[in-house]
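Each remark here refers to the structure printed beneath this line.
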Amino acid sequence: MTGMIAAGAAIFMLLNSAGAEEEISTKELEEKLAGEQADDYYFVDVREPDEFEEGHIAQMENYPLSTLSEDYASLPQDKPMVIICRSGNRSEQAVEFLEQEGFDDLINVEGGMLDWEGETVQ
742 MTGMIAAGAA
752 IFMLLNSAGA
762 EEEISTKELE
772 EKLAGEQADD
782 YYFVDVREPD
792 EFEEGHIAQM
802 ENYPLSTLSE
812 DYASLPQDKP
822 MVIICRSGNR
832 SEQAVEFLEQ
842 EGFDDLINVE
852 GGMLDWEGET
862 VQ
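Now the structure itself:
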């Protein structure tokens, strides 16, 4: 009986972790950007071009959510991808879409640019 419970728990954990994404705060993003391993990540901003041009994090590449279904094939799959938007909603949608297209190692930035306190460029 104990073996069946353990097996059931293991299967439950495995199923619940499949497709689970990681989320980080803007403070954690700032640490990743400043760290020695920043080049180990690909940084994507899924806001619309006009929003991006008003101010964005220097290391971010702009892949608007509205055209992501057409442009996602040019995104690298060889490193973890950190995705941000204005508030965290569009980046969450981008993560879900990219997971469906076979991407993994996707990291959503909670709170998005609304919570970002670091520098931006135009």
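For the sequence shown, the positions run 742 to 863 when our numbering is used. All residues carry an ideal CB built from backbone N, CA and C; glycine is no exception. In this text, all values refer to a predicted model and were calculated from it rather than measured experimentally.
- Between the stretch 811-821 and the stretch 786-801, the count of Cβ pairs shorter than 8 Å is below three; the stretches do not touch.
- Taking 8 Å as the upper bound for CB-CB distance, N830 and E764 are not in contact here, some 13 Å apart.
- The three-state reading of DSSP puts D786 in strand, counting E and B together.
- Look at M822 here: in three-state DSSP terms it is strand.
- If you look at L770, you'll find it in the alpha helix (DSSP H) that goes 767-775.
- If the five residues before and after G859 are omitted, its C-beta is found closer than 6 Å to the C-beta atoms of E771, all from its own chain and listed in chain order.
- Around the beta-carbon of E811, fewer than 16 other beta-carbon atoms lie within 10 Å, marking it exposed.
- Here T767 is buried: its Cβ has 16 or more other Cβ atoms, across all protein chains shown, within 10 Å.
- The shortest CA-to-CA distance from V787 to any of E840, L809, W857, D781 is the one to L809.
- Linking S807 to E789 through their CA atoms gives a straight-line distance of about 7 Å.
- If you draw a straight line from the Cα of L816 to the Cα of A835, it is about 12 Å long.
- Within the same chain, F784, I798, Q800, G859 come within 8 Å of L774 by CB-CB distance, once the 5 residues on both sides are set aside.
- Between I825 and G853 a beta carbon distance of about 5 Å is seen, short of the 8 Å cut, so the two are scored as contacting.
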